[in-house]
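Everything on this sheet refers to the single structure shown next.
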Amino acid sequence: MDRLFAIGLVVVIGGLFLAAVAGLAVLGVMLRRHRERRLDPAFVGAPVAHGTVTEQTFRGRISNEAYEHLIVYDVRLPDGRTFRGWEIKHLARWQRSRFAPGTEHPVAWRPGTGDEVRAIVR
């Protein structure tokens, strides 16, 4: 009976450990996605327009997984006016296709402050 109890205890403790590890992994993914979706504080509350990526230029490597890119957009305002906007974005290799030329994104822009924009990632 003692041997069966010990095996059961090991199974329960092992299951709890695996559940904790899986929970931490899910939490890590959720936090990373939340950070990716956060908008630059300077653009919070800024008007939103429609942006189409026209150019993605590699600028350099920041760390093992992050690469700096210059993203250029054709921005179409709600009133029909257009301008060329840009942003510097840190992208992992697997994210580059999300900002390939031709892709479309809502972008926040600040009237009267130049042509810098920020993509709103959903």
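Residue numbers (our numbering): 12 to 133. From the three backbone atoms N, C-alpha and C, an ideal C-beta is built for every residue, glycine too. As the structure is a prediction and not an experimental result, all values here were calculated from the model.
message: Which same chain residues end up closer than 8 angstroms to residue 107 when comparing Cβ atoms and leaving out the 5 residues on each side of it in sequence?
response: Walking along the sequence shown from the start, residue 107 turns up at place 96. Cβ within range, chain order: 67, 78, 80.
- prompt: Nearest CA to the CA of residue 85: which residue from 63, 73, 100, 70?
  reply: Counted from its first residue, the sequence shown places residue 85 at position 74. Closest by alpha carbon: 63.
query: Any idea what DSSP makes of residue 24, helix, strand or coil?
result: As a first step, residue 24 is located in the sequence shown; it is residue number 13 there, counting from the start. Correct three-state label for residue 24: helix.
- request: Give me the Cβ distance between residue 60 and residue 87, rounded to the nearest whole Å; I'm assuming they're in contact under 8 angstroms.
  value: Counting from one through the sequence shown, the residue named residue 60 turns up at place 49. Counting from one through the sequence shown, the residue named residue 87 turns up at place 76. Right, the Cβ-Cβ distance comes to about 6 angstroms (below 8 angstroms), so this counts as a contact.
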